[in-house]
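Asks: Chains as they are written, first to last, in our numbering: chain S, 121 to 499; chain L, 121 to 499. For every residue, glycine included, the Cβ atom is placed at its ideal position computed from N, Cα and C. Quick caveat: nothing in here was measured; it's all calculated off a predicted structure. My structure is below; once you've seen it, I'll send some questions.
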């Protein structure tokens with residue numbers, strides 16, 4: 121499949137403060153974003169792509185470093201989300217660390233000293249991100265999106281769009297997501313956060329001024345996360361009990377098994393570029409998302425207002441982080457409200473990570489759904 | 121059920137060095153142990169209980185601090201493993217931190233300076249522990265045990281007894297165990313070890329001389345472990361998304377959810393008493409256990425020599441750490457060898473932790489099996 125080729129990120133400034141769910145306010149802020157394809161004359165073919173923990177506005181094509189976007193297999197010319205037909209927008213959320221305003225930027229309250237936000241960056245929720253995205257979409261001249269699309273935490277944002285701004289989109293495509301985190305999901309997030317926060321190099325979240333980074337904590341956090349992204353069986357068939365060297369070294373601190381080597385490598389890579397405060401902020405946004413909560417725990421009631429929209433939900437059989445049962449909860453709430461919903465449970469071996477991979481059945485479903493959406497504006 | 125009441129730990133010195141699987145040798149060492157009940161005249165009613173990661177020789181009764189043993193609900197007068205009939209031995213493994221020789225004791229190579237073993241304590245395997253236990257049993261005047269019993273890592277030791285010393289026991293009772301660790305099991309162990317080893321207070325495993333303890337790492341390690349001991353559904357029904365306070369505080373470093381509070385508490389408790397090098401040693405022993413490995417990967421071949429023994433295996437439906445399928449692998453290998461095996465898969469909600477809890481069906485199976493063993497020597 122051809123890729124989009126080189127793409128250029130854009131930056132947009134928003135001077136109006138953003139009121140947040142916590143009661144705090146995000147003052148003037150910047151959003152970094154990319155767009156692919158062309159907005160049609162009716163401005164009806166725009167799709168917003170929302171990112172999860174470790175991703176960005178760079179959804180497709182090649183960035184300045186020649187790196188392909190994180191969903192490049194899905195988004196591009198002739199791909200399931202076809203940029204010959206759709207105008208696709210990728211945006212980095214505030215609080216993240218890929219160009220939009222975040223903890224590593226100067227806190228306007230300390231503009232004189234140039235002190236960065238660090239741990240004082242306001243706590244963001246999925247709903248806050250959606251409100252920030254709405255402003256970007258408006259500034260791009262789009263009144264109504266053809267669709268909002270996201271996987272995992274990105275799927276939560278797509279769902280929140282239909283709850284907060286149901287008239288501003290027609291379709292919600294939410295992949296490998298959940299209506300909220302389970303106790304076990306929160307538990308894994310909390311261990312990862314403790315690893316970061318208790319790293320002496322974290323300095324209460326103000327490590328920037330010390331010229332250090334809590335890499336030890338970030339490594340452990342990433343290793344934990346990685347285990348939960350992979351299916352146990354896939355990990356078993358890929359690594360099993362394979363040793364890195366021939367024979368055992370009998371070492372408690374060194375590496376014996378390939379799986380150890382793999383996880384350490386993932387941890388090292390991640391800790392070299394990801395921001396520790398962003399990790400805390402994004403895992404907290406995951407923890408907080410719970411649209412049923414303000415409706416007495418009823419997801420059905422939460423989706424009452426989403427009737428204007430149509431939905432595609434996709435889950436993966438071996439995803440134990442956001443298992444198919446969690447997607448089915450959402451499907452049920454939609455059906456209860458007589459909302460049009462398509463649901464595909466893909467038998468795929470790769471666990472939660474499957475949403476990022478190229479599986480013919482998965483991509484077939486996505487392609488068919490977006491082709492159906494395209495009929496609405498090409499007809 | 122009545123408990124044994126106060127029990128007193130004993131200590132035994134072994135001056136003959138213990139050759140280890142790694143090729144190294146454990147020089148003269150001490151084992152701490154407890155016994156309950158009386159050895160009969162024929163010395164045929166002895167049961168050895170092997171411990172898992174976070175346990176000790178203190179299996180039943182009340183120690184000097186008034187603490188009940190870790191399997192006090194199973195072992196005692198009138199209990200499933202009835203100390204009116206059986207002579208029960210609990211032993212702390214070398215390398216552990218509850219009284220037997222371990223990393224916190226003086227390294228004889230540095231007897232002059234009094235420097236402790238620390239990270240230089242030899243790497244132990246399940247087989248090494250079994251060999252150390254054999255010596256203790258012999259010194260207690262027992263030629264053949266009625267049974268060896270253990271759960272989780274303790275179950276691996278019970279299995280290893282039948283493979284290395286099949287004539288020295290008649291029954292193997294292995295609960296919630298596995299024939300080896302999966303890649304995912306190893307992965308969780310490795311993350312826990314990295315949390316400990318990368319804690320600046322670990323000092324390469326020689327923290328004792330610095331007057332510090334790598335508590336941050338131990339806390340994170342315990343939190344990870346704890347998540348894997350509990351069933352997801354049990355965690356959900358016990359904690360769900362319950363908040364600790366009324367309403368959200370919007371904090372990335374503080375506590376919002378009860379599950380966070382619970383995990384932090386478990387981590388704090390554990391890090392106050394458990395030895396960091398012991399954690400590394402014991403998780404490595406778990407990683408290394410793989411009796412099929414030296415038989416070309418065939419568990420059936422591995423158990424060929426175990427024919428003299430009879431087996432009870434027990435697993436728990438919601439245990440995702442050592443799932444029932446892992447116990448069934450062992451059952452299959454035994455059946456392939458025409459070895460007498462009873463197998464119970466208990467439908468219990470508590471995950472891996474279920475082996476420590478009092479479940480009527482589980483305890484019923486254990487009671488029936490030990491009553492059958494008792495017929496062999498009371499008849």
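Label residue 258 of chain L either buried or exposed according to how many other C-beta atoms from any shown protein chain fall within 10 Å of its C-beta, with 16 as the threshold for buried.
Replies: Exposed is the call here.
Asks: So residue 171 of chain S packs on residue 337 of chain S, CB below 8 Å; how close in whole Å?
Replies: That belief does not hold up - the Cβ atoms of residue 171 of chain S and residue 337 of chain S are roughly 22 Å apart, past 8 Å.
Asks: Where does residue 157 of chain L land, buried or exposed, given buried means 16+ other C-beta within 10 angstroms?
Replies: Its Cβ being crowded by 16 or more others within 10 Å, residue 157 of chain L is buried.
Asks: According to DSSP, simplified to helix, strand and coil, what is residue 269 of chain S?
Replies: Three-state result, residue 269 of chain S: strand.
Asks: Tell me the rounded alpha-carbon separation between residue 167 of chain L and residue 195 of chain L.
Replies: Those two C-alpha atoms are separated by around 11 Å.
Asks: Counting beta carbon pairs with one atom in the region 409–429 of chain S and one in the region 447–456 of chain S, are three or more of them shorter than 8 Å?
Replies: Yes, the region 447–456 of chain S is in contact with the region 409–429 of chain S.
Asks: Using a Cβ-Cβ cutoff of less than 6 Å, which residues in the same chain neighbour residue 332 of chain L once the five nearest sequence positions on both sides are dropped?
Replies: These residues qualify, in order along the chain: 321.
Asks: For residue 340 of chain L, decide whether its Cβ has a neighbour in chain S, counting only Cβ atoms nearer than 8 Å.
Replies: Chain S contact via Cβ: present.
Asks: Using the Cβ count rule (16 or more neighbours within 10 Å means buried), how would you classify residue 219 of chain L?
Replies: The residue is buried, with at least 16 neighbouring Cβ atoms inside 10 Å.
Asks: Name the residue from S/314, S/272, S/304 and S/427 whose alpha carbon lies nearest to the alpha carbon of residue 296 of chain S.
Replies: The shortest C-alpha separation from residue 296 of chain S is found at S/272.
Asks: Sort out for me which residues DSSP pairs residue 145 of chain L with in a bridge.
Replies: The partner list for residue 145 of chain L (beta bridge, DSSP) reads L/139.
Asks: How about residue 173 of chain L: is its C-beta nearer than 8 Å to some C-beta of chain S?
Replies: By this cut-off, residue 173 of chain L is not an interface position.
Asks: Using the three-state DSSP reduction, which class does residue 465 of chain S fall into: helix, strand or coil?
Replies: Of the three classes helix, strand and coil, the one that applies to residue 465 of chain S here is strand, per DSSP.
Asks: Based on the DSSP output, what are the partners of residue 294 of chain S in its beta bridges?
Replies: Beta-bridge pairing links residue 294 of chain S to S/270 and S/433.
Asks: Whole angstroms is fine: what's the gap from residue 127 of chain S's alpha carbon to residue 217 of chain S's?
Replies: So the alpha carbons of these two residues sit roughly 19 Å apart.
Asks: Distance check for residue 223 of chain L and residue 442 of chain L, CA to CA, integer angstroms please.
Replies: Distance between the alpha carbons of residue 442 of chain L and residue 223 of chain L: 28 Å.
Asks: Could you tell me how far apart the beta carbons of residue 340 of chain L and residue 340 of chain S are, in whole angstroms, since I believe they sit closer than 8 Å?
Replies: Yes, they are in contact, since the Cβ atoms of residue 340 of chain L and residue 340 of chain S sit about 6 Å apart, within 8 Å.
Asks: How about residue 480 of chain S and residue 438 of chain S: are their beta carbons less than 8 Å apart?
Replies: Going by C-beta atoms, residue 480 of chain S is not nearer than 8 Å to residue 438 of chain S.
Asks: Strictly below 9 Å CB to CB, what residues from chain S border residue 227 of chain L?
Replies: The contacting residues do not exist; residue 227 of chain L stays about 16 Å from chain S at best.
Asks: Tell me whether the beta-carbon of residue 155 of chain S lies closer than 8 Å to the beta-carbon of residue 207 of chain S.
Replies: Contact flag set, yes.
Asks: Give the residues of chain L in contact with residue 302 of chain S, contact being defined as C-beta atoms less than 7 Å apart.
Replies: Residues of chain L passing the Cβ test: 352 and 356.
Asks: Using a C-beta to C-beta distance shorter than 7 Å, which residues of chain L count as neighbours of residue 142 of chain S?
Replies: Here the neighbours are 370.
Asks: Find the residues of chain L that neighbour residue 400 of chain S, judging by a C-beta separation of less than 9 Å, and give them in chain order.
Replies: Correct list: 372 and 373.
Asks: Examine chain L for any beta-carbon lying closer than 8 Å to the beta-carbon of residue 149 of chain S, and answer yes or no.
Replies: Output row for residue 149 of chain S: interface = no.
Asks: From residue 160 of chain S to residue 151 of chain S, what does the alpha carbon distance come to, in whole angstroms?
Replies: Taking the straight line from one Cα to the other gives about 23 Å.
Asks: Could you tell me whether the Cβ of residue 224 of chain S comes closer than 8 Å to any Cβ of chain L?
Replies: Residue 224 of chain S does not count as touching chain L.
Asks: Give every residue of the same chain whose Cβ lies closer than 7 Å to the Cβ of residue 464 of chain S, excluding the five residues on either side of it in the sequence, and list them in chain order.
Replies: 434 and 485.
Asks: Specify, as a first and last residue, the run of the alpha helix (DSSP H) that residue 260 of chain L falls within.
Replies: Neither: residue 260 of chain L is in no alpha helix (DSSP H) and is coded neither H nor E.
Asks: How long is the line joining the alpha carbons of residue 278 of chain L and residue 388 of chain S, rounded to whole angstroms?
Replies: Rounded to the nearest angstrom, the two C-alpha atoms are 38 Å apart.
Asks: Residues of chain L with CB under 7 Å from residue 360 of chain S, in chain order?
Replies: Neighbours of residue 360 of chain S on chain L, chain order: 303.
Asks: Spatial neighbours of residue 407 of chain S within its chain, please: CB distance less than 7 Å, with the 5 preceding and 5 following residues excluded, ordered by chain position.
Replies: Cβ within range, chain order: 301, 306 and 309.
Asks: For residue 126 of chain S, which three-state DSSP category applies?
Replies: Strand at residue 126 of chain S.
Asks: Output yes if chain L places a C-beta closer than 8 Å to the C-beta of residue 307 of chain S; else output no.
Replies: Answer yes: the Cβ-Cβ gap between residue 307 of chain S and chain L drops below 8 Å somewhere.
Asks: How is the beta strand (DSSP E) around residue 172 of chain L delimited, first residue to last?
Replies: Note, residue 172 of chain L: premise wrong, no beta strand (DSSP E); not H, not E.
Asks: Among S/268, S/324, S/329 and S/440, whose alpha-carbon lies nearest the alpha-carbon of residue 347 of chain S?
Replies: Per the Cα distances, S/440.
Asks: List, in order along the chain, the chain S residues whose C-beta lies closer than 8 Å to that of residue 252 of chain L?
Replies: In chain order: nothing, as chain S lies at least about 17 Å away.
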